[in-house]
Amino acid sequence: MERTAKIIDGKLVSQAVKDKVREDVLSLGEKGISVCLAVIIVGDNPASRTYVNNKKKACKAAGIISREYALDENTTQQELLELIDRLNKDSEVNGILCQLPLPQGLDEKAVIASISPEKDVDAFHAVNAGHIMIGDYSFLPCTPAGITEMLDYYGIEVASKNCTVIGRSNIVGKPMAMLLLKRNGTVTICHSATKNLADYTSRADILIAAVGKPNFVTADMVKDGAVVIDVGINRNSEGKLCGDVDFDAVSKKASYITPVPGGVGPMTIATLLKNTVTAAKLQNNL
Ligand code: NAP
Numbered sequence: 005m006e007r008t009a010k011i012i013d014g015k016l017v018s019q020a021v022k023d024k025v026r027e028d029v030l031s032l033g034e035k036g037i038s039v040c041l042a043v044i045i046v047g048d049n050p051a052s053r054t055y056v057n058n059k060k061k062a063c064k065a066a067g068i069i070s071r072e073y074a075l076d077e078n079t080t081q082q083e084l085l086e087l088i089d090r091l092n093k094d095s096e097v098n099g100i101l102c103q104l105p106l107p108q109g110l111d112e113k114a115v116i117a118s119i120s121p122e123k124d125v126d127a128f129h130a131v132n133a134g135h136i137m138i139g140d141y142s143f144l145p146c147t148p149a150g151i152t153e154m155l156d157y158y159g160i161e162v163a164s165k166n167c168t169v170i171g172r173s174n175i176v177g178k179p180m181a182m183l184l185l186k187r188n189g190t191v192t193i194c195h196s197a198t199k200n201l202a203d204y205t206s207r208a209d210i211l212i213a214a215v216g217k218p219n220f221v222t223a224d225m226v227k228d229g230a231v232v233i234d235v236g237i238n239r240n241s242e243g244k245l246c247g248d249v250d251f252d253a254v255s256k257k258a259s260y261i262t263p264v265p266g267g268v269g270p271m272t273i274a275t276l277l278k279n280t281v282t283a284a285k286l287q288n289n290l
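So in this note's numbering, the last spot in the sequence shown is 290, and the numbers never skip.
Pasting the structure below:
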């Protein structure tokens with residue numbers, strides 16, 4: 005039977021999250037507390053520049069102060085770490101974000117480790133990753149938490165469902181699996197060494213694709229009526245933005261699907277804002 009999947013509208017859901025963030029920022033303001041995010045960008049990667057601009061714009065709309073630190077491509081590891089150290093100690097800064105990827109020669113792991121866990125609003129630091137692992141966290145991993153927020157908005161239950169996550173990165177796949185597990189999903193994680201991938205994807209009631217390859221998930225890999233979440237941000241052969249899922253074909257089989265653009269992407273930024281407010285509250289013992 006051919007169906008048309010309901011579109012999960014990331015713009016709509018992210019606006020609801022951002023409205024709540026704005027309310028929180030206003031009520032903190034009434035207590036004399038301002039909320040500030042420091043955004044570091046190194047070099048001139050155009051995609052990073054777009055992401056940073058979008059984050060700053062979203063901060064402004066939510067009433068969050070954003071301070072940009074745009075560093076030269078030739079910045080040394082020591083200079084970057086010294087900046088982060090200053091921001092860690094700056095009581096006016098609640099959250100610190102260093103846009104990845106960094107130019108060659110800079111050690112991303114060391115940079116992530118240098119951000120104070122209390123200001124690590126991306127939730128990349130090992131301390132925050134550990135909190136996510138034990139299911140007890142203040143900062144939510146931005147993209148996975150945005151996805152659970154969308155599932156909640158559309159009343160999609162996770163408990164007892166077969167959930168398959170394709171991808172095991174530290175920023176998407178692994179924390180996504182942890183959040184689904186916390187909600188009592190039965191979770192399978194697939195990666196590039198998985199054999200017979202379709203065996204796992206076709207059993208999934210909830211399928212999350214975080215691979216980074218256009219049209220990677222085809223309709224034959226998807227169970228009838230599945231919820232399909234497309235995390236990928238790619239360019240197709242015509243240079244058009246697309247996800248990992250063959251949207252046209254899969255949307256005829258799935259019950260719910262996220263589009264690209266307009267799906268997961270806006271949720272990631274909304275969660276970042278939410279984390280920045282959480283940081284400000286925690287730092288003010290609220
Ligand atoms: P990543 O670090 O490159 O991870 C990709 C994952 O896909 C890896 O775990 C890799 O497996 C797996 N993979 C690659 N080829 C595969 C195959 N043939 N079969 C099964 N698994 C395969 O990427 P990421 O940072 O997680 O991001 C994934 C995608 O999401 C990218 O397109 C990125 O741009 C996008 N993204 C979007 C947002 C958003 O806000 N919408 C946020 C973050 C990322 P191995 O581990 O074995 O290599």
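The beta carbon of each residue, even a glycine, is placed where N, CA and C say it ideally should be.
As assigned by DSSP and simplified to three states, the class of residue i
i, result
"Val-17", "helix"
"Lys-257", "coil"
"Asn-219", "coil"
"Lys-10", "strand"
"Arg-90", "helix"
"Glu-72", "strand"
"Ile-37", "coil"
"Arg-239", "strand"
"Val-226", "coil"
"Thr-166", "According to the sequence shown, residue 166 is Asn rather than Thr. Strand at Asn-166."
"Ala-42", "strand"
Candidates the options, of which the one nearest residue i by Cα
i, options, result
"Leu-104", "Lys-123, Phe-128 and Asp-94", "Phe-128"
"Glu-11", "Asp-89, Thr-152, Ile-100 and Ala-258", "Note that residue 11 is Ile in the sequence shown here, rather than Glu. Nearest option by C-alpha distance: Ala-258."
"Lys-22", "Gly-36, Lys-35 and Ala-62", "Ala-62"
"His-4", "Asp-209, Phe-251, Gly-267 and Thr-168", "Residue 4 is absent from the model: the chain starts at 5 and stops at 290."
"Tyr-204", "Met-225, Asp-28 and Gly-36", "Met-225"
"Leu-75", "Gly-67, Val-97 and Leu-84", "Leu-84"
N- and C-terminal bounds of the alpha helix (DSSP H) containing residue i
i, result
"Asp-252", "251-254"
"Arg-172", "Looking at the DSSP string, Arg-172 is not in any alpha helix (DSSP H), and its letter there is neither H nor E."
"Ile-116", "112-118"
"Val-56", "50-66"
Residue i Cβ short of 8 Å to the ligand NAP heavy atom set
i, result
"His-135", "no"
"Glu-53", "Here the sequence assigns Arg to residue 53, which means Glu is not the residue at that position. Not so, every heavy atom of the ligand NAP lies at least 8 Å from the Cβ."
"Asn-219", "no"
"Val-46", "no"
"Asn-238", "yes"
"Ala-197", "yes"
"Leu-101", "no"
"Val-191", "no"
Within 9 Å, strictly: CB atoms of residue i and residue j
i, j, result
"Pro-179", "Ile-136", "yes"
"Gly-266", "Gly-216", "no"
"Gly-99", "Gly-269", "no"
"Ala-208", "Lys-186", "no"
Limits of the beta strand (DSSP E) - the one that residue i falls within
i, result
"Leu-101", "99-102"
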